[in-house]
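Everything on this sheet refers to the single structure shown next.
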Amino acid sequence: MSTPVTAFAPATPVLETARIWALHLLCFVLPVTCLVFGITAPHPWWVALPFLLVIVGSVLADINSPRERRQPAPTLPRRPFDALLYVLSALQFVNVALLVRVVALHGFWRMDTLVGLLLVGVNSGYSAIVVAHELIHRAEWHRQQLGRLLLCTVLYEHFATEHIRGHHSRVGTPEDPATARYGETAIAFFVRTVPAQFRSAWRLEKKRLGDEQMPWRDARMLRNRLVHGIVVEWSVALAILAALGVGAFVIYVLQALSGVRLLEAVNYFEHYGLTRTTRKVQPIDSWDTDSWFTLYTLVGLSRHADHHAHASRPYQQLRYFAESPKLRHGYFGTVVWLLLDNAAFRAAMARELERRGLGPFTRDATAVSPELSQLTLM
Numbered sequence: 001m002s003t004p005v006t007a008f009a010p011a012t013p014v015l016e017t018a019r020i021w022a023l024h025l026l027c028f029v030l031p032v033t034c035l036v037f038g039i040t041a042p043h044p045w046w047v048a049l050p051f052l053l054v055i056v057g058s059v060l061a062d063i064n065s066p067r068e069r070r071q072p073a074p075t076l077p078r079r080p081f082d083a084l085l086y087v088l089s090a091l092q093f094v095n096v097a098l099l100v101r102v103v104a105l106h107g108f109w110r111m112d113t114l115v116g117l118l119l120v121g122v123n124s125g126y127s128a129i130v131v132a133h134e135l136i137h138r139a140e141w142h143r144q145q146l147g148r149l150l151l152c153t154v155l156y157e158h159f160a161t162e163h164i165r166g167h168h169s170r171v172g173t174p175e176d177p178a179t180a181r182y183g184e185t186a187i188a189f190f191v192r193t194v195p196a197q198f199r200s201a202w203r204l205e206k207k208r209l210g211d212e213q214m215p216w217r218d219a220r221m222l223r224n225r226l227v228h229g230i231v232v233e234w235s236v237a238l239a240i241l242a243a244l245g246v247g248a249f250v251i252y253v254l255q256a257l258s259g260v261r262l263l264e265a266v267n268y269f270e271h272y273g274l275t276r277t278t279r280k281v282q283p284i285d286s287w288d289t290d291s292w293f294t295l296y297t298l299v300g301l302s303r304h305a306d307h308h309a310h311a312s313r314p315y316q317q318l319r320y321f322a323e324s325p326k327l328r329h330g331y332f333g334t335v336v337w338l339l340l341d342n343a344a345f346r347a348a349m350a351r352e353l354e355r356r357g358l359g360p361f362t363r364d365a366t367a368v369s370p371e372l373s374q375l376t377l378m
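Numbering follows our numbering, with no gaps: position 159 of the sequence shown is 159.
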């Protein structure tokens, strides 16, 4: 495997830890905004709407972000950075509860409901799924379980099984449902990947239990982690329905759907058009961004190439690799771009793949797809 090319600026260990830790405090801007919104509700519409500026501001800051190519210090203590994950987890549970409470107490058909859904829905893709992604990769049992509980808040607990045991071993291959095919639209990917990832996780879990063909009535199903996840996440959802009413239930499901939609938008571009055969995963098998804003607001998620090469490496230690294909913007700007103008997004991705000789442009590619002809002319 190649080595990172840009070294960090030497500093004393304490100062370097403090610098990086302070930068990662940016991850609290959105969840704390959600917390303030939930605590101060209800609002008149002219007070509710300005809360959305945090989302608009995040996208603009990301699009105009400076580049961050410095490498982390060789050793950073884990505890200060793990503490951020625990606080983000707590904020996720509180923010979802506050959103449900607002709707239950003040009604569904209010501007607060729409604003709250947008805020908490985005935050669920942020504090729930991004943080859960970090935690389920940790070796400690309690951290893995916390990650699974976070995924339950977005009704997507099976992601823990599919991502760890499926995606990481099959990334960049036709067998991986979370790898977007070259030319595949964002909508087509979403429609394909959501059920395919669940089916894959179901097969993986039955295989772990000893029989991929086992029926529902098999006693071993009682140890099926996907069954556990479904029971927990939908028990909470149905309890909300029974105790707080239809409006509260609907908003809970909608915020979960919003978080999942953001997750799969990120999945869409993280490996778009990249192909791998039997070789070990390398930095060229994941799209990266060198956006400073994304790196520090999404707890290192943007250094995805190093994450796939070393899945257990904690977020503060992830490194920058120059040879991985690069997104034009950070994650916030890229998600908005691919959702609003997917054709232009795919054209730009095609140009980057061609420039680096990856995906359909590798030397052993025998033909150019019709999609390529269309995209390169845009």
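Positions of the beta carbon are idealized from the N, C-alpha and C atoms, including for glycine.
Return the first residue and the last residue of the alpha helix (DSSP H) that residue i is part of.
i: Asn342; result: 342-356
i: Glu233; result: 225-244
i: Tyr86; result: 79-106
i: Ala180; result: Careful: Ala180 lies outside any alpha helix (DSSP H) and carries neither H nor E.
i: Pro380; result: Given that the chain is displayed from residue 1 to residue 378, the structure contains no residue 380 and the question cannot be resolved.
i: His142; result: 141-152
i: Val36; result: 29-40
i: Arg19; result: 13-23
i: His133; result: 129-136
i: Asp218; result: No alpha helix (DSSP H) contains Asp218, which DSSP labels as neither H nor E.
i: Thr113; result: 111-123
i: Ala73; result: Looking at the DSSP string, Ala73 is not in any alpha helix (DSSP H), and its letter there is neither H nor E.
i: Ala322; result: Segment: none, Ala322 is in no alpha helix (DSSP H) and carries neither H nor E.
i: His304; result: 304-309
Could you check what DSSP says for residue i in three-state terms: helix, strand or coil?
i: Lys280; result: coil
i: Ser286; result: coil
i: Ser291; result: strand
i: Arg208; result: helix
i: Arg67; result: strand
i: Ala365; result: The predicted position of Ala365 is uncertain, since its pLDDT is 45 and thus under 50; no value can be drawn from it.
i: Ala9; result: A caution first: Ala9 carries a pLDDT of 48, below 50, which makes its placement in the model unreliable, though a value can still be read off. Three-state result, Ala9: coil.
i: Val250; result: helix
i: Pro314; result: coil
i: Val336; result: helix
i: Gly330; result: coil
i: Ser373; result: Low confidence applies to Ser373: its pLDDT is 35, below 50, so where it sits in the model is not reliable, and the reading given next is rough at best. Ser373 falls in the helix class under three-state DSSP.
i: Glu157; result: coil
As a quick exercise: from the options, pick the residue whose alpha carbon is nearest that of residue i.
i: Ala309; options: Ser324, Gly38, Leu338; result: Ser324
i: Thr161; options: Pro174, Gly147, Thr153; result: Gly147
i: Asn64; options: Pro177, Glu354, Asp290; result: Asp290
i: Leu60; options: Leu340, Val336, His167, Phe189; result: Val336
i: Ala188; options: His24, Leu339, Ala22; result: Leu339
i: Phe269; options: Gln92, His142, Glu352; result: Glu352
i: Arg110; options: Leu76, His43, Phe51, Ser58; result: His43
i: Pro13; options: Leu76, Val47, Phe321; result: Leu76
i: Asp82; options: His142, Gly172, His158, Arg261; result: His142
i: Gly229; options: Ile55, Gln145, Ala322; result: Gln145
i: Asn224; options: Glu157, Val87, Leu88, Gln71; result: Glu157
i: Trp21; options: His271, Arg78, Gly57, Phe51; result: Arg78
i: Glu175; options: Ser200, Arg279, Val236; result: Ser200
i: Ala196; options: His163, Pro215, Met214; result: His163
Hey, residue i and residue j: beta-carbon distance below 8 angstroms or not?
i: Trp292; j: Pro66; result: yes
i: Leu318; j: Gly300; result: yes
i: Phe37; j: Gly116; result: yes
i: Ala41; j: Leu244; result: no
i: Asn342; j: Thr193; result: no
i: His168; j: Ala350; result: no
i: Ala90; j: Gly259; result: no
i: Ala248; j: Val100; result: yes
i: Leu204; j: Gly166; result: yes
i: Leu222; j: Leu274; result: no
i: Glu134; j: Ala73; result: no
i: Ile251; j: Thr113; result: yes
i: Leu98; j: Ile39; result: yes
i: Gly172; j: His329; result: no
Can you list, in chain order, the residues of its chain whose CB lies under 6 angstroms from that of residue i, leaving out five sequence neighbours each side?
i: Cys34; result: Asn95, Leu119, Val120, Asn123
i: Glu371; result: Residue confidence is low: Glu371 scores 41 on pLDDT, short of 50, so the model does not pin down where it sits. Its coordinate-derived value is still stated next. Taken in chain order, the residues that qualify are Gly183.
i: Val379; result: Nothing can be reported for residue 379, as the shown portion of the chain is limited to 1 through 378.
i: Tyr379; result: No answer is possible for residue 379: it lies beyond the span of the chain, which begins at 1 and ends at 378.
i: Arg208; result: none
i: Gly125; result: Gly259, Leu262, Leu263
i: His106; result: Pro42
i: Thr366; result: At Thr366 the pLDDT is 42, less than 50, meaning the model places this residue with poor confidence; the figure from the coordinates comes in the next sentence. So no residue of the chain qualifies.
Return the chain-ordered list of same chain residues with a C-beta closer than 8 angstroms to the C-beta of residue i, the five sequence neighbours on each side being excluded.
i: Tyr331; result: Asp62, Val266, Thr289, Ser291, Thr294, Leu298, Leu301, Ser302
i: Gln92; result: Pro31, Asn123, Ser124, Ser127, Ala128, Val131, Leu150, Thr153
So, at 7 angstroms on beta carbons, what are the nonlocal neighbours of residue i in its own chain, with the 5 sequence-adjacent residues on each side left out?
i: Ala139; result: Ser312
i: Arg217; result: none
i: Gly333; result: Val59, Asp62, Ile63
i: His210; result: The amino acid at residue 210 is misidentified as His; the sequence shows Gly. Cβ within range, chain order: Arg220.
Any C-beta of chain C sitting closer than 8 angstroms to the C-beta of residue i?
i: Ala237; result: The chain inventory of the structure shown lacks chain C, comprising one protein chain alone.
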